[in-house]
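Protein chains: 2
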Amino acid sequence: MAHDVRVVTEAELRAVVALDLETVDVIEAAFAALASGRVVMPPILSMELAEANGEVDVKTAYIPGFDGFAIKVSPGFFDNPLLGLPSLNGLMILFSAKTGLVETVFLDNGYLTDIRTAAAGAVAARHLARSEIETAGVIGTGVQARLQMKAAHLVRPFSRLLVHGRDAAKARACAEELAAELGIEADAVDAETCVRESQLVVTTTPARDPVVHADWLHPGLHITAMGSDQAGKNEIAPEALAAADLYVCDRVSQCEVSGELEAAHAAGLLMDRTPPELGEIVAGTHPGRTDATQVTICDLTGTGAQDTAIASHVSTRLSGAGTLVRA
Amino acid sequence: MAHDVRVVTEAELRAVVALDLETVDVIEAAFAALASGRVVMPPILSMELAEANGEVDVKTAYIPGFDGFAIKVSPGFFDNPLLGLPSLNGLMILFSAKTGLVETVFLDNGYLTDIRTAAAGAVAARHLARSEIETAGVIGTGVQARLQMKAAHLVRPFSRLLVHGRDAAKARACAEELAAELGIEADAVDAETCVRESQLVVTTTPARDPVVHADWLHPGLHITAMGSDQAGKNEIAPEALAAADLYVCDRVSQCEVSGELEAAHAAGLLMDRTPPELGEIVAGTHPGRTDATQVTICDLTGTGAQDTAIASHVSTRLSGAGTLVRA
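Here you go:
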């Protein structure tokens, strides 16, 4: 039986949804749902295309009470910049949770992933960072470095920003852009200064060796590590994870195979405990930061629940946007 | 960077691709590629939506030498017929294997899955059934029962068909339809007669208890079991699998968790051997049927390699079909 499928492009999506507090609240609710234990979220499907220096991940989750569920496909092809193309791409599909029919195809080139990922950083900052942040730091200089700092500024309006990147010119450009956009002071610095002088740090790199060392931790620091999303990636030294007063996963089962927890376990650390999940802290079933001097770390690998939440949210805003195809 | 994505509907696909010998050859080549060991085919992503009596599977595979790879989403929502909707649905997406960019979205409602699944049945019949088939039998009366018999008739042009279904009226309707379409004699019969009087049988049911018993096997019989695709499903009695001269999987790693091999292992049978895969027989690296009196069984769970093969094949036939969306 033929039915209408809406096909929406990145440009059409950018016109109706942005990284704002409403988006942060939508993603926060998805984390709370995850903590309920009623969300169905299978392991990520992951395929490597070694010949093309590429990989593709597929994520999904069913959140009870939601009318739809998303399936999100994220290809990463790391030689694309040589062709003038971005490394990351993909699309998201929203299905009816009652009939399984395809409702909307979001040809978003990864835009919805970008904002739901940044929004998760804001959720972590809201629940784990100190209430007052003067200086924020970011390690990495790409799209997520910018979006994570914009998201953090929504919930913790810092006045000073420190940016570290391996390429100093890129770090300066990132700092200048964010200074102008957020109306704050910003500088490019070395990694150690970035961490030591900030109260809130986000790491956004594909590093395979830690970019944050344990002896840089200081009272009151919160770190969100969002770069690791594949086995072998590692941004935070295992000893830092072990030294933190509170280490939180978005999903333990994902962090132990593709997040910071993987390297910690490989180093024989954090073997004796199951870390709390961000959703438990959002839902209030596990304490978050309990005083201003604690060191907290949040490990984000990205969840299908965020994809279902952002796709469902956007679908309510589309009005007539997109192309209807009678399928 | 914006690029054109082609969106193609089921009706547009039906106009350019059908279940024919060319399609069978395309799927046969995919099986041969699987046997090469160079295909990358991750485990199926599977999610249950118990509240809606639904499930969704995602399959993919990268076949070296192919310009694209498909990701296929198959929702099955088994209360849909109460709403006047088919249970099975879904879509397929073809990505560039060089850049990961989305090239084509096939809003096929499962049509490409239907024909690539039936084509796999023809590949099994071509390599495992006797060269001369007088009577073919099918258990089940749905879309795949019809397509499997049409596919089998392409490679083994039988003159008599026996159909068994739990609903005798549906079995008669299926037999009449296929008799008219294939120009053969066809009758609705009980399951035992269907198996005992046929040289080629295909089972197409969602059975959780065997519909084919071991004492019905007879010299020269070939059975293709294509219904089981989830844990707990089981069409062929484990004793029949053990008694066959040759038992072949489409993919051993899938059959042992969601095919006939799962029930056989649960019964303590076939524990001492790794069955050959259909691709090895197609490629000639494992013998198929070696004489007309052997009993052979092929277990099809459905592979991502078939999806990549059919999507790549169809994409060469589209010419200007579909809607171009600048994404």
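Chains as they are written, first to last, in the numbering used here: chain A, 100 to 426; chain B, 100 to 426. Heads up, the beta-carbon is just placed ideally off N, CA and C, and yes, glycines get one too. Being a predicted model, the structure only gives us computed values, none of them experimental.
Give me the residue from the options with the minimum Cα distance to residue i.
i: residue 154 of chain B; options: B:210, B:173 and B:323; result: B:173
i: residue 314 of chain B; options: B:186, B:353, B:108 and B:292; result: B:292
i: residue 212 of chain A; options: A:270, A:260 and A:123; result: A:123
i: residue 192 of chain B; options: B:167, B:327, B:214 and B:183; result: B:167
i: residue 381 of chain A; options: A:318, A:227 and A:214; result: A:227
i: residue 113 of chain B; options: B:214, B:125 and B:156; result: B:214
i: residue 343 of chain A; options: A:404, A:377, A:388 and A:409; result: A:388
i: residue 373 of chain A; options: A:341, A:390 and A:383; result: A:341
i: residue 280 of chain B; options: B:305, B:132 and B:253; result: B:253
i: residue 184 of chain B; options: A:196, A:360 and A:200; result: A:200
i: residue 408 of chain B; options: B:259, B:218, B:365 and B:198; result: B:218
i: residue 285 of chain B; options: B:236, B:171 and B:305; result: B:236
i: residue 377 of chain A; options: A:103, A:159, A:390 and A:225; result: A:225
i: residue 164 of chain A; options: A:205, A:196, A:136 and A:346; result: A:196
i: residue 356 of chain B; options: B:367, B:325 and B:331; result: B:331
i: residue 364 of chain A; options: A:386, A:385 and A:335; result: A:335
i: residue 311 of chain A; options: A:413, A:371 and A:239; result: A:239
i: residue 287 of chain A; options: A:308, A:327, A:304 and A:259; result: A:259
Quick check on the DSSP output: the alpha helix (DSSP H) that includes residue i runs from which residue to which?
i: residue 216 of chain B; result: 210–227
i: residue 42 of chain B; result: Lying before the first or after the last residue shown, residue 42 of chain B is absent from chain B, which here runs from 100 to 426.
i: residue 114 of chain B; result: 109–115
In the DSSP assignment, the beta strand (DSSP E) including residue i goes from what residue to what residue?
i: residue 192 of chain B; result: 190–195
i: residue 254 of chain A; result: Here residue 254 of chain A belongs to no beta strand (DSSP E); instead the alpha helix (DSSP H) covers 242–254.
i: residue 261 of chain B; result: 259–263
i: residue 236 of chain B; result: 234–238
i: residue 398 of chain B; result: 395–398
i: residue 231 of chain A; result: Segment: none, residue 231 of chain A is in no beta strand (DSSP E) and carries neither H nor E.
i: residue 203 of chain B; result: 201–206
i: residue 198 of chain A; result: Run containing residue 198 of chain A: none; DSSP gives neither H nor E here.
i: residue 423 of chain A; result: 422–425
Can you check whether the C-beta of residue i is within less than 8 Å of a C-beta belonging to chain B?
i: residue 221 of chain A; result: no
i: residue 413 of chain A; result: no
i: residue 141 of chain A; result: yes
i: residue 179 of chain A; result: yes
i: residue 333 of chain A; result: no
i: residue 425 of chain A; result: yes
i: residue 407 of chain A; result: no
i: residue 172 of chain A; result: yes
i: residue 184 of chain A; result: yes
Give a yes or no on whether 8 Å exceeds the smallest Cβ distance from residue i to chain A.
i: residue 401 of chain B; result: no
i: residue 153 of chain B; result: yes
i: residue 433 of chain B; result: This structure leaves residue 433 of chain B out entirely; chain B is present only between 100 and 426.
i: residue 130 of chain B; result: no
i: residue 320 of chain B; result: no
i: residue 133 of chain B; result: no
i: residue 175 of chain B; result: yes
i: residue 162 of chain B; result: no
i: residue 106 of chain B; result: yes
i: residue 109 of chain B; result: yes
i: residue 159 of chain B; result: yes
i: residue 112 of chain B; result: no
i: residue 417 of chain B; result: no
i: residue 150 of chain B; result: yes
i: residue 281 of chain B; result: no
i: residue 422 of chain B; result: yes
> Can you list, in chain order, the stretches of the alpha helix (DSSP H) that have 4 or more residues and sit fully within the segment 331–392 of chain B?
Replying inline: Fully enclosed alpha helix (DSSP H) runs of 4 or longer: 337–342, 351–357, 359–365 and 377–382.
> Along the segment 190–216 of chain B, what residues have a CB closer than 9 Å to any CB found in chain A?
Replying inline: Answer set for the segment 190–216 of chain B: 190, 192, 194, 195, 196, 197, 198, 199, 200, 201, 204, 206, 207 and 208.
> Quick one: complete alpha helix (DSSP H) runs, 4+ long, within the segment 272–340 of chain B?
Replying inline: Listed in chain order, the complete alpha helix (DSSP H) runs (minimum 4 residues) inside the segment 272–340 of chain B are 290–295.
> What residue ranges within the segment 125–186 of chain B form continuous beta strand (DSSP E) runs of no fewer than 3 residues, ordered along the chain?
Replying inline: With a minimum length of 3 residues, the continuous beta strand (DSSP E) runs that stay inside the segment 125–186 of chain B are 144–148, 153–160 and 167–176.
> What are the residues of the segment 228–252 of chain B that lie near chain A, defined by any Cβ-Cβ distance shorter than 8 Å?
Replying inline: Residues of the segment 228–252 of chain B with a C-beta atom less than 8 Å from some C-beta of chain A do not occur.
>> Residues of the segment 347–380 of chain B in Cβ contact with chain A at a cutoff of 7 Å, in chain order, please.
In response: Listed by position, the residues of the segment 347–380 of chain B near chain A (Cβ gap below 7 Å) amount to none.
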